[in-house]
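Counting from 719, one number per residue, gives the positions in the sequence shown under the working numbering.
Where is the CB? At the ideal position from N, CA and C, for every residue including glycine.
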Amino acid sequence: MAEFSMDLNEDQQQIQKWVHDFAETVIRPVAHEWDEREETPWPVIEEAAKVGLYSFDFVSQAFFDESGLMMAIAAEELAWGDAGIALAILGSTLGLAGIASNGTPEQLIEWGPQCFGTPEKIQVAAFAVSEPDAGSDVSSLRTRAVYDEAKDEWVLNGTKTWITNGGIADVHVVVASVDPELGSRGQASFIVPPGTPGLSQGQKFKKMGIRASHTAEVVLDDVRVPGSLLLGGKEKLDEKLARAREGKRSAGQAAMKTFEASRPAVGAQALGIARAAYEYALDYAKERKAFGRAIIENQAIAFKLADMKTRIDASRLLVWRASWMARNGKEFTAGEGSMSKLYAGETAVHVTEEAIQIMGGYGYIREHPVERWHRDSKIFTIFEGTSEIQRLVIARAISGMHIQ
Ligand SMILES: Cc1cc2nc3c(=O)[nH]c(=O)nc-3n(C[C@H](O)[C@H](O)[C@H](O)COP(=O)(O)OP(=O)(O)OC[C@H]3O[C@@H](n4cnc5c(N)ncnc54)[C@H](O)[C@@H]3O)c2cc1C
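Here is the structure:
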């Protein structure tokens, strides 16, 4: 076992610098523009694909990093550049995570690269769980998957909502109920390939923040996919359903397994926004004069910055711990994945608000990026499980009781 160290190794430092440079030179200069346009920033994704940052290879390399930190490091830097554009780049990784956590190795090899395409032909992926009446409560999904044995095909019907890359994705990973009576234990995930008839985009949402990331409804109307696109395969699903019917616990629920794996990387994005706002406010507080002195010379301002930095560093430690645990097969016995996302998400909201306060009126107008960072930060207490749901996961884990 390696000696304990908080230093990043050479590979990690290189990746950190590489992604930071991309965020600084390619993302930051156009962040305001894409926030105003509220559209997917295809030219930026293309640029990221050209340098290899938007690719199945990069995500695989990050995954194989033994410390588990690589993806968290990259996500922090991208979101430091801009959270909406970062999500436009990282959104496909959620679809990939859906395949990696529930699929067979063969399915991953076939479909993983298709979540990204090539620099010449960019593809994107989506992970579709949420529905109009089932957000936090994923056990009550109404989207149905029915098996047509004669044709060895699955037929999907339902409506998904708030789906990142929904409708514009080439690869949609859809979670649907096979046996509604079993709640989340009766669900399975399916790959819906590019151009499949019956899948269409519903409403595209106008949002408060992360506006460069596309969020929309996905309508599934008699969507037929071959039996081979059930993630994990039919035999495994039948076993899982049989165990659930006997009242036994199964290895995991389709959506939950994906969220557990991706929460630290989501926390890392929140961390990136918080760091951006802190750095900006620190510089500003040193420059801005009031009553004949720099505003940072007032404890009221300096202590805010001290608290902001402390919370950011604490968030990073939680994110890195959870990332390391997930990669090294350590079970989250106290909801450590949820802790990282909970704390980093709430820190981002707090720090960006404090940054606005430090900048006074200049913080409130669009000439400076902090108002955007504040709008962007708020999603991190909502998606991938709200802050309340993260607390529920932690409370259940530490108490062993079914807290409601
Ligand atoms: C921009 C954006 C992108 C998204 N991307 C995706 C995506 O790619 N794929 C996807 O599947 N989904 C996605 N979502 C959906 C997101 O995950 C859900 O919005 C989220 O899980 C919350 O669900 P809800 O909105 O239905 O809120 P609800 O579940 O209705 O919750 C409403 C409020 O009640 C609280 N609450 C609910 N249950 C409890 C409880 N038991 N105890 C205490 N409080 C509770 C919640 O914390 C919240 O404050 C996205 C959402 C947004 C806004």
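Rounding to the nearest angstrom, what Cα-Cα distance links F722 and H1068 in this structure? 31 Å
Comparing C-alpha positions only, which one of G809, A1052, Q1075 and Q731 sits nearest to S931? G809
In this structure, does DSSP put Q1122 in helix, strand or coil? coil
Tell me which same chain residues have a C-beta within less than 6 Å of the C-beta of P837, skipping the five on either side of it? A767 and K768
For P944, which residues does DSSP report across the bridge? E871
Using only the heavy atoms of ligand 1, determine whether one of them is closer than 7 Å to the beta carbon of D855. yes
Closer than 7 Å: is that where the CB of K925 sits relative to any heavy atom of ligand 1? yes
Excluding the five sequence neighbours on either side, which residues of its own chain have a C-beta within less than 6 Å of the C-beta of G1053, listed in chain order? V1111, I1112 and A1115
Where W1083 sits in the DSSP three-state scheme: With the sequence shown as reference, residue 1083 is identified as Ile, and Trp is not the correct amino acid for it. Coil at I1083, not helix or strand.
Classify T667 as buried or exposed, calling it buried when 16 or more other Cβ atoms lie within 10 Å of its own Cβ. This structure cannot speak to residue 667, because the chain is shown only from 719 to 1122.
Taking contact to mean 3 or more Cβ pairs, one atom from each stretch, closer than 8 Å, check whether the segment 858-870 and the segment 911-927 are in contact. no
Per the contact definition of three or more C-beta pairs closer than 8 Å, is the segment 881-899 in contact with the segment 816-836? yes
Taking the straight line between their C-alpha atoms, what separation do you get for A804 and I840? 16 Å
For ligand 1, is there any heavy atom lying closer than 7 Å to the beta carbon of G1103? yes
Can you confirm whether the segment 1094-1111 touches the segment 1012-1023 when touching is taken to mean that 3 or more C-beta pairs between the two stretches lie within less than 8 Å? no
Can R1110 be considered in contact with ligand 1, in the sense that its beta carbon sits closer than 7 Å to one or more heavy atoms? Arg is not the amino acid found at residue 1110; the sequence shown has Leu there. Result yes, Cβ under 7 Å from ligand 1.
For F908, is the beta carbon positioned less than 7 Å from some heavy atom of ligand 1? no
Taking C-beta to C-beta, are F845 and Y772 nearer than 8 Å? no
List the whole-angstrom C-beta distance separating A986 from A793, where the pair is believed to meet the contact cut-off of C-beta under 8 Å. 4 Å
Which whole-angstrom value describes the C-beta separation of A906 and A843, a residue pair presumed to lie in contact below a C-beta threshold of 8 Å? Between A843 and A906 the Cβ distance is about 18 Å, and since that is not below 8 Å, they are no contact.
Is V847 a contact residue of ligand 1, with contact defined as CB to any heavy atom under 7 Å? yes
Element boundaries [alpha helix (DSSP H), containing A863]: Here A863 belongs to no alpha helix (DSSP H); instead the beta strand (DSSP E) covers R862 to D866.
Contact check, T1065 vs A992, beta carbons under 8 Å: yes
For ligand 1, is there any heavy atom lying closer than 7 Å to the beta carbon of E795? no
Going by DSSP in three states, Q841 sits in which element: helix, strand or coil? coil
Length of the line joining the Cα atoms of E1106 and D739: 35 Å
Measuring alpha carbon to alpha carbon, tell me which of K878, V896 and Q1122 ends up nearest K952. V896
For T758, is the beta carbon positioned less than 7 Å from some heavy atom of ligand 1? no
Do you know offhand how far T743's Cα is from G945's? 45 Å
If you drop the 5 nearest sequence neighbours on each side, which residues of the same chain put their C-beta closer than 6 Å to that of G901? S857
Buried or exposed, going by whether 16 or more other CB atoms sit within 10 Å of the CB of S1117? exposed
Classify A995: buried if its beta carbon has 16 or more other beta carbons within 10 angstroms, exposed otherwise. buried
Neighbour-count burial assignment, Q1122, 16 or more Cβ in a 10 Å radius: exposed
Curious, which full-length beta strand (DSSP E) runs of at least 3 residues does the segment 874-939 contain? 889-895, 905-910 and 917-922
Along the chain, where does the alpha helix (DSSP H) containing D753 start, and where does it finish? R746 to R755
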